[in-house]
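Written below as structure tokens is the structure these notes are about.
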Amino acid sequence: MPRHANPRTAGGSRPPGGRRTLLERDRGPGTDALRSTCPVKYLARFFEGLRVARRFSSELAGHRAQLALVLVLFVSTIALELLRPWPLSWVIDRALLTSGPPPENAREIVLYCALALALILSLKALADYSAILRMTAVGHAVTRSLRLRIFRHLVELPPSFHAKNKSGDLLVRLLGDVAQVKEMVVDASLQIGLRSAHAMGILAVMLFIDPVLALVVLVPLPILLFTVRFLSKRLTIAVRKQRRKEGEMANYMHEAISATDVLQSLGSGAQVVRQFAHTNRRNARAGLKTARASARLTGSVETLLALAFAAAVAFGGLRVLDGNLRAGELIVFLSYVRSMLKPLRAAAKHQGRIAKGAASGERILALLDEDIELRLNSGQLSPAAAPSSLVFEDVSYTYEDGSEALKQVSAEFRRGEITAIVGVSGAGKSTLVSLAMRLFDPTAGRVLFDGVNLTELDLDELRRSFRVSMQSTVLFGESIRQNLLLAVPDASDDDLWRALAEAELESRVRALPDGLETVLGASGVGLSGGESRRLCCARALLGEAPILIIDEPFAGLDPGTAGRLARVLETRREGRIVIVITHQLEHLGSVQRIYALEDGKIHKVVHTPSAEERAS
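Following this line, the structure appears as structure tokens:
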């Protein structure tokens, strides 16, 4: 069974010999050989970007009709663009520069050609507008779908993953990288295909007008393609580094802003600002390198395209002087050259967007490749509705770095009893509770839920059997009602007020102007630390879950309030397994079992018979 990361020491890198990413799985054994072959390695890199894009093709599955319409509209714009120069050619060759006097219908030719040109341009503008509008709608839908997919995956990943990955970097992947992938999958890939088709159509017409002149224009194209491939790879590397730096900066900002009260109390504001300035400079340097690589790509393409156009003007003019080409045909030809340069220029621009999207896509794929092993290794059995016991049999848990959190722990938690777990910080109390909820699996031993191994039970149903209030308060910047309903979405107002009363918080909430609708700040700002903890406790007291786990319920409470909360826990033990992690045993008037944890081992077990046991 795989070991999970120690949150105290874990790094962010994948261990050697670990699972390959989805992208790596998609590469066949011949890909590396292809990339190592110098003449074609740049082509391999281009297709690598397309391979990354293909991994996200499922996001487009529900938008095929819209994309087909976009394709039809863009093909229409290409056809209209190919027709655009011909009215001008007819005006020049048949009305203005004829060998003899102008024909009698010259005015009609000019008028009709002007009307035709106006119609062509109007239809092209309408088709462009409709295509861009629909493509933008698809892009927003893909962004929304992909972010939802990533977020759903993130909340399912075990604590070990979040311990070794910084939240700021995950936010950058969820927000910034998704936008880059959308640009690649929806905009750039489609545009490159259409621009390439546009260029091929123009080339076919140019060969029809004057094959010799067309070949002259084509001379710089191999150099252009080689340049785009070469510089796109450098741009991808630069973007990859920039996204990593942005993740580091976002994480530092998140940590610093979350701890402003501590920083101000320590007088460390200036030091933190200096550190942020250093991180900001590193990010700016990475951004400058990316901009330089992008400008180098654009500038090189512009230079080569300008050379191609200059060659067309020179050789085309000479052929007109030699009588091999008419002036109107040269105008049309030069118009096509300029039109062909636009899709090639746009293709180079979109190739840069594909390079950026590929770098961002690799980061997202690495995230999505993190298997939710617990869910993959879960059974289908439903847990008992009223379990009689939760048993640990010789359970050990070891982090990836080799440090042991639990060592052959055996413990039993029974229905109808309050069991206390005591121990210093780092003794393994939270790890024991996490194993009970199967947030991760033990490296040795097993945990039994009413005699059934946790791995045989449906994971979602198992976790719904618990109500938990941990020492670290988890509250969202929403109303008090919404924070409570996280536990039991269909709870009534009476249920909410009853839970608040049991957690000694009812009078405080009723005194607020908006009561249950009072919106809290981030992480519960608006309540004191003790009130935030009691609100989490009230959330755990909602519903009829068979197992109740409360971590440090008496912290920050006066003796009277702590005593009343202890009596609530005493009433809640009927028909339930109640586990209390505490350093204040004196407040627990009735506790049937005490486990003392030290250095990952149970060093002491105290069993106090309950009233029912004494009566029997």
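Everything in the sequence shown is counted per the numbering used here, starting at 3 for the first residue and increasing by one. C-beta atoms are modelled at their ideal positions from N, C-alpha and C, and glycine is treated no differently.
Give every residue of the same chain whose Cβ lies closer than 8 angstroms to the Cβ of residue i, excluding the five residues on either side of it in the sequence, and list them in chain order.
i      : result
Leu62  : Leu69, Val140, Val144, Val187 and Val188
Gly565 : His589 and Gly591
Val426 : Glu600
Ile152 : Arg175, Leu176, Val180, Ile366, Leu369 and Leu370
Leu125 : Ser78 and Leu82
So, for residue i: in the same chain, excluding its five sequence neighbours on each side, which residues have a beta-carbon less than 7 angstroms away from its beta-carbon?
i      : result
Arg483 : Leu498, Leu518 and Glu519
Lys409 : Ser398, Gly602 and Lys603
Arg578 : Arg417, Pro548, Ile549 and Leu550
Ser78  : Ala129
Tell me where the beta strand (DSSP E) around residue i begins and ends.
i    : result
Val2 : The requested residue 2 does not occur in the structure, where the chain is confined to residues 3 to 618.
If I follow the unbroken alpha helix (DSSP H) through residue i, where does it start and stop?
i      : result
Leu461 : Leu461 to Arg465
Asp553 : Premise fails: Asp553 lies in the beta strand (DSSP E), Ile549 to Asp553, not in any alpha helix (DSSP H).
Val221 : No alpha helix (DSSP H) holds Val221; DSSP gives it neither H nor E.
Ser2   : Nothing can be reported for residue 2: it is not among the residues displayed for the chain, which extend from 3 to 618.
Phe163 : Pro161 to Lys166
Lys156 : With the sequence shown as reference, residue 156 is identified as Leu, and Lys is not the correct amino acid for it. Segment Ala108 to Glu158, the alpha helix (DSSP H) holding Leu156.
Asp189 : Here Asp189 belongs to no alpha helix (DSSP H), and DSSP marks it neither H nor E.
Gly381 : Neither: Gly381 is in no alpha helix (DSSP H) and is coded neither H nor E.
Asp171 : Ser169 to Val174
Gly532 : Gly531 to Leu543
With distances taken between CB atoms, is the gap from residue i to residue j smaller than 8 angstroms?
i      : j      : result
Ala120 : Leu75  : no
Trp88  : Val334 : yes
Arg416 : Ser380 : no
Ala310 : Pro222 : yes
Glu331 : Asn285 : no
Thr281 : Met251 : yes
Val219 : Ala314 : yes
Gly447 : Glu395 : yes
Thr584 : Pro555 : yes
Asn253 : Gly178 : no
Val183 : Gly363 : yes
Val180 : Ile366 : yes
Arg136 : Leu71  : yes
Thr400 : Thr445 : yes
Glu506 : Thr457 : no
Pro389 : Glu463 : no
Any idea what DSSP makes of residue i, helix, strand or coil?
i      : result
Phe415 : strand
Arg595 : strand
Leu392 : strand
Ser481 : strand
Arg440 : coil
Thr421 : strand
Asn455 : strand
Gly359 : helix
Ser398 : strand
Ala505 : coil
Arg469 : strand
Ala489 : coil
Val607 : strand
Ala272 : helix
Leu571 : helix
Arg448 : strand
Leu73  : helix
Ala387 : coil
Glu600 : strand
Gly30  : Low confidence applies to Gly30: its pLDDT is 41, below 50, so where it sits in the model is not reliable enough to give any reading.
Glu406 : strand
Val322 : helix
Val521 : strand
Leu209 : helix
Pro515 : coil
Only counting the same chain, and skipping five residues up and downstream in sequence, which positions put a Cβ closer than 6 angstroms to that of residue i?
i      : result
Lys606 : Ala598
Pro161 : Leu441
Asp553 : Met472, Gln473 and Ile583
Ala295 : Arg236, Leu237 and Ala240
Val593 : Ile420 and Ala422
Lys243 : Ala288
His352 : Ala190, Gln193 and Ile194
Ile115 : Note that residue 115 is Cys in the sequence shown, not Ile. Pro89, Trp92 and Val93.
Leu383 : Glu458 and Leu459
With a threshold of 7 angstroms (Cβ to nearest heavy atom), would residue i be considered close to the ligand NAD?
i      : result
Arg340 : This structure does not include the ligand NAD; it has no bound ligands of any sort.
query: Is the stretch 419-435 touching the stretch 596-608, taking contact as three or more C-beta pairs under 8 angstroms?
result: yes
- request: Taking 8 angstroms as the threshold, find out whether the stretch 469-489 comes into contact with the stretch 526-542 through three or more Cβ pairs.
  value: yes
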